[in-house]
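Let me begin by presenting the structure, written as structure tokens, before commenting on it.
Number of protein chains: 2
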Amino acid sequence: MAAPLFVGLDVGGTTMKAGVVDDEGQVYAAVNMPTEAHRGQEFGLNRMADTIVNAVVAARIDLDHIAAIGVATPGTMDLRAGVILDPPNLRPWQNVPVRKYIGDRFQKPTAFQNDANAAAMGEFWIGAGRGSHSMVLFTLGTGVGGGIVIGDLILEGEHSHGAELGHMKIEITNPRQCGCGRWGCLEAYASATAVVKRTLEHLEKESLSSLASYVSRPSELTARDIFNAADKGDAVADKIVEETAYYLAVGTTNMLHSIDPDMVVFGGGMTAAGTGFLRRIHNHVKHLAFPVPGEKCELRLAKLGSDAGCTGAAACGRLLHRQQRQN
Amino acid sequence: MAAPLFVGLDVGGTTMKAGVVDDEGQVYAAVNMPTEAHRGQEFGLNRMADTIVNAVVAARIDLDHIAAIGVATPGTMDLRAGVILDPPNLRPWQNVPVRKYIGDRFQKPTAFQNDANAAAMGEFWIGAGRGSHSMVLFTLGTGVGGGIVIGDLILEGEHSHGAELGHMKIEITNPRQCGCGRWGCLEAYASATAVVKRTLEHLEKESLSSLASYVSRPSELTARDIFNAADKGDAVADKIVEETAYYLAVGTTNMLHSIDPDMVVFGGGMTAAGTGFLRRIHNHVKHLAFPVPGEKCELRLAKLGSDAGCTGAAACGRLLHRQQRQN
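Chains S and R, in that order, give the protein sequences. Just so you know, we're using the numbering used here here: the first sequence kicks off at 1 and counts up by one. Just so you know, we're using the numbering used here here: the second sequence kicks off at 328 and counts up by one.
What follows is the structure in structure tokens.
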């Protein structure tokens, strides 16, 4: 019998990506299609199915060779029910029975997962976390997401809110407001959005910076500009980057003192900042955390880039396939 | 064959307690003996064995009826190795091979666990957490401890630092120093010690309080005095209790946004404050947390009191016994 193949589908606010992945985690073929959530959820479910079919066609295989499917989506969800509830990035979708639809359509075992959890599973399986027993992922983009994997199990939580690591509170005296409306969340300090906001605040007070001109055109400033300016020695940018590393070290320390994983991985657009940024985080962790986990837990950059979601979704399909074969 | 019995031993800085526990979690007989750590670790290991034997004698059974033993201890430890490393509460012990010693001495399967983790397992098994699938315990005493149980598994962590919940950071701008030497830890805000310290600080500024006289005899003030004064309407005490509930709500929210358990339990001496205090914590959680876990996660007071440790240690022995029978 040929080794089983899986399809992972990662649904994003703008595009969705499906990949055919083999039992070793190699992506055979991946295709992107626009999500076009505004066209409604019936359209969206069809688009998911089409994207899966297109990936299978691109891989030049027959659907019969696919052992299981995994779908990862953003937004609030009920993981046990397999339903997206009210996803902010997929308006106007509501209560979309993704798992049942895809399962019925393809008549395959279908796993359903939160996108950050799926990315964590992808990195754990064949990315930066390969070989670890437990791993925490922070995804640093517009927001801060998270995923926790312990011994092949994703920590989904009882109400699908496991590993919402961007929303751990790190400040009580003078908390910043988060995009979620609440206060003091890690995301309000360490997302790309927060990095830009904090820089602009700083530039109001301190104009001696290569970034000073952005005060009059704030919407053009990106986190990448700030990291680049820091690399070139700009003192304001350097201070912001260092503080961002500190905030992430606080979040990491809280994971070291609760999950105590053997690896913490940072993914998402902001990790383009590279190993220098990782080193800054690690230096702070060594001061903030207890000596043993502070020394022994490895910190790494994610490896799979934009493939993490569909590879991880495929990994979830693969685990489901294995469980069903065991039972 | 008779139902199996277990012995749980909970070693504390002052006393140790052993109980014979049946398969339903009922404690048949429990005995306390002084730990007397200053007499050295050889003495301590013998004292552990004696305490176990005394509990078995008190239960009027034969050692042959004991299927497994569990031992819980405080301090830094290597759970996989079964060794206490350098326990602050058990000076001058160092690198004490507890699991091997007790296992060899009694020739029984022997589990070894951190005391707060064991207490969590006890509450999960037959206490406040009974019937839950996952549970987080905060123990509120001189310090703040924690335990996380997910589906019968204790989250020990890879380096025995799982659930060190007193040392999650909740403040970055103006952090208090913790007894651990680090800054901004939950314990520095919400332990009984911290409650007393914060009250004394407040009384320096605001002397209109029934507690005012304690400023000249600070060592006599206890957390219980403060909770009692709050119950009687003292405004300073009420403010301190309310703030303490808020800090614990922040810690709880961070668990809801990472572990997402179906129950959070508060144990330890400070929970003598009762259900009014629990309600205060819950009110803050509802504002701080996402709506779904904030509404659905239950908050409860621990039920087992000072039996939590030895019952939980017995539960760990029981799980080991079951695992060994399955393999």
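The beta-carbon is built from N, C-alpha and C at its ideal position, and this holds for glycine as well. Please read these numbers as outputs of a predicted model, since none were measured by experiment.
Note to self: According to DSSP, simplified to helix, strand and coil, what is R:GLY603?
What the structure shows: helix
Checklist line | Burial state of R:GLY603 (16 or more Cβ within 10 Å) | finding: exposed
Check: Quick one, are the C-beta atoms of S:ARG198 and S:ILE240 less than 7 angstroms apart?
Finding: yes
Note to self: Does chain R have any CB closer than 7 angstroms to the CB of S:GLU171?
What the structure shows: It does; some Cβ of chain R falls within 7 angstroms.
Item checked: Proximity test, R:VAL425 beta-carbon vs the ligand PLP heavy atom, cut-off 6 angstroms -> This structure simply doesn't include the ligand PLP, nor any ligand for that matter.
Next item on the list: Along the beta strand (DSSP E) that carries R:ARG627, what are the first and last residues, could you check?
Entry: 625 to 628
Notebook entry, point to check: Going by DSSP, which residues form a beta bridge with R:PRO361?
Noted result: R:THR342, per the DSSP bridge assignment.
Check: In chain R, which residues lie less than 8 angstroms from S:PHE124 when you measure between Cβ atoms?
Finding: Chain R residues near S:PHE124: none, gap ~14 angstroms exceeds 8 angstroms.
Checklist line | Residues that R:ARG374 contacts on chain S, provided the C-beta gap is smaller than 7 angstroms | finding: None at all; the shortest Cβ gap to chain S is about 27 angstroms.
Next item on the list: If I'm right that S:GLY147 touches S:ALA163 with Cβ under 8 angstroms, what's the distance once you round it to whole angstroms?
Entry: 5 angstroms
Checklist line | Contact set between R:ILE586 and chain S, taken where Cβ atoms lie within less than 8 angstroms | finding: LEU155, GLY157, GLY162 and SER258
Check: For S:ASN174, which residues in chain R fall below 7 angstroms Cβ to Cβ?
Finding: THR500
Item checked: Chain-ordered residues of the segment 567 to 601 of chain R with a beta carbon less than 8 angstroms from chain S -> TYR573, TYR574, VAL577, THR580, ASN581, MET582, LEU583, HIS584, SER585, ILE586, ASP587, PRO588 and ASP589
Next item on the list: Evaluate R:ALA562 with the Cβ neighbour count: other Cβ atoms within 10 Å of its Cβ, from every protein chain shown; 16 or more gives buried, anything less gives exposed.
Entry: exposed
Checklist line | 7 angstroms Cβ cutoff, R:PHE604 in contact with chain S | finding: By the rule that beta-carbons nearer than 7 angstroms mark a contact, R:PHE604 does not touch chain S.
Next item on the list: Determine the burial state of R:GLY458: buried for a count of at least 16 other Cβ atoms within 10 Å of its Cβ, exposed for fewer.
Entry: exposed
Notebook entry, point to check: Between which two residues does the beta strand (DSSP E) harbouring R:LEU646 extend?
Noted result: Segment 635 to 653 is the alpha helix (DSSP H) holding R:LEU646; no beta strand (DSSP E) there.
Check: Going by alpha carbons, who is nearest to R:PHE554 out of R:MET582, R:ALA576 and R:GLY596?
Finding: R:GLY596
Next item on the list: Can you give me the Cβ contacts of R:GLY644 inside the same chain, cut-off strictly under 6 angstroms, excluding the 5 residues immediately before and after it?
Entry: PHE333, ALA395, ILE396, GLY397 and ALA438
Margin query: Beta-carbon within less than 8 angstroms of S:GLY13's beta-carbon, same chain only, minus the 5 sequence neighbours each way: which residues are those?
Written below: THR35, ALA37, PRO74, ASN89 and LEU90
Margin query: Given this structure, state the Cα-to-Cα distance separating S:SER209 from S:ARG280, to the nearest angstrom.
Written below: 21 angstroms
Next item on the list: Could you check the C-alpha separation between S:VAL343 and R:HIS486 for me, to the nearest Å?
Entry: Summary: the structure shown does not reach residue 343 of chain S, with chain S confined to residues 1 through 327, and so no result is reported for it.
Margin query: Please report whether the beta-carbon of S:LYS17 lies at a distance below 7 angstroms from any beta-carbon of chain R.
Written below: no
Note to self: Determine, for S:LYS205, whether the minimum Cβ-Cβ distance to residues of chain R falls below 7 angstroms.
What the structure shows: no
Next item on the list: Spell out whether any CB of chain R is found under 7 angstroms from the CB atom of S:SER134.
Entry: yes
Note to self: Using a Cβ-Cβ distance cut-off of 7 angstroms, determine whether S:PHE290 contacts chain R.
What the structure shows: For S:PHE290, the answer is yes, since a Cβ of chain R falls inside 7 angstroms of its Cβ.
Next item on the list: Would you decide whether R:ASN501 is buried or exposed? Buried here means 16 or more other CB atoms lie within 10 Å of its CB.
Entry: exposed
Notebook entry, point to check: Should S:SER216 be labelled buried (16 or more other beta-carbon atoms within 10 Å of its own) or exposed?
Noted result: exposed
Next item on the list: Compute the Euclidean distance between the alpha carbons of S:GLY294 and R:SER633, then round it to the nearest angstrom.
Entry: 32 angstroms
Check: Since R:GLY578 and R:LEU513 are thought to touch, with beta carbons under 8 angstroms apart, how far apart are those beta carbons, to the nearest angstrom?
Finding: Between R:LEU513 and R:GLY578 the Cβ distance is about 5 angstroms, and since that is below 8 angstroms, they are a contact.
Notebook entry, point to check: Taking only beta-carbon atoms, is S:PRO293 less than 7 angstroms away from chain R?
Noted result: Closer than 7 angstroms to some Cβ of chain R, the Cβ of S:PRO293 qualifies, so yes.
Check: Helix or strand or just coil, what does DSSP make of R:SER536?
Finding: coil
Notebook entry, point to check: Taking Cβ positions only, does S:MET33 come closer than 7 angstroms to chain R?
Noted result: no
Note to self: Does the CB of R:LYS524 have a neighbour CB from chain S at under 7 angstroms?
What the structure shows: no
Next item on the list: Take the Cβ of S:ARG47 as the centre, count every other Cβ of all protein chains shown within 10 Å, and call the residue buried at 16 or more, exposed below.
Entry: buried
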